[in-house]
Amino acid sequence: MDKKHKQLLRKNRITLAQDLEATQLLNYLFQEEGLSENDLESIKAEKTRRTQAEKLLDILPRRGPKAFDIFCRALADTDGQGHLVDLLKTNESVASEAVSSTTTGNRGDTSLELNDGNSRFLTQIKRQRHQTLLHK
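Mapping of the sequence shown onto the UniProt record's numbering: residues 1 to 136, in sequence order.
Here is the structure:
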C-alpha cells in the first residue's frame with residue numbers, strides 16, 4: 001500500500017473504526033485478494049464490531065499496493081458505508097496537494113503553485129525587501 005494511503009487510514013482511523021461494518025466487506029475483500037483466509041479468520045475472531053474494524057484497519061496496510069483501492073470499492077458497494085469512501089477520497093485529494101515555490105530575479109518575486117488534483121492556482125507574491133540603506 002502506498003504511504004499516502006497508509007496515512008489516510010491512520011488519519012481517519014477513529015471515524016473508520018466507529019462507522020465501519022467490517023463483516024459486510026470481508027467476502028468482497030477476500031474475493032478480490034485484498035485479504036487472505038487467515039486475515040478473514042483473524043477479523044471474525046474479534047468479539048465486537050469496533051474491534052473487527054480496528055483489526056481490518058491493522059491488516060490492510062500490509063496487503064499490497066492494490067489493497068486501498070479494493071477497500072474503497074468494497075465500501076462503495078456496501079449499503080451504508082459510501083460516506084467512508086467520500087471521507088477517504090476527500091482527504092486523499094487534500095493530501096495530494098503539491099506546493100512549490102521559486103524565487104526569481106533580484107526583485108524578490110515568489111511564485112507559489114498549488115495543485116489540488118483538479119485545478120492549478122498560480123499566485124504571484126511580491127516580497128518586499130527591507131532596505132537597510134539610510135535615506136539621503
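Note that the Cβ used here is the ideal one computed from N, Cα and C, for glycine as well.
For this session: Please determine if the segment 16-27 and the segment 69-81 are in contact, where contact requires at least 3 C-beta pairs separated by less than 8 Å.
Result: Counting C-beta pairs with one atom in each stretch, the segment 16-27 and the segment 69-81 have three or more that are closer than 8 Å, which means they touch.
Exercise. To the nearest angstrom, how far is it from the Cα of T90 to the Cα of L8?
Worked result: Approximately 10 Å between the Cα atoms of the pair.
For this session: Kindly list the residues whose CB is nearer than 7 Å to the CB of A53, restricted to its own chain and excluding five residues on each side of it in sequence; keep chain order.
Result: Correct list, in chain order: L16, A17, L20, A22.
For this session: Would you mind working out which of L25, R50, N38, P65 sits nearest A74, comparing C-alpha positions?
Result: Comparing Cα-Cα distances from A74 to each of L25, R50, N38, P65, the minimum goes to L25.
Problem set entry | Assigned exposure category for A67 - 16 Cβ within 10 Å defines buried | With at least 16 other beta carbons inside 10 angstroms of its own, A67 counts as buried.
For this session: Specify, as a first and last residue, the run of the alpha helix (DSSP H) that E54 falls within.
Result: Counting along the chain, the alpha helix (DSSP H) containing E54 begins and ends at 49-59.
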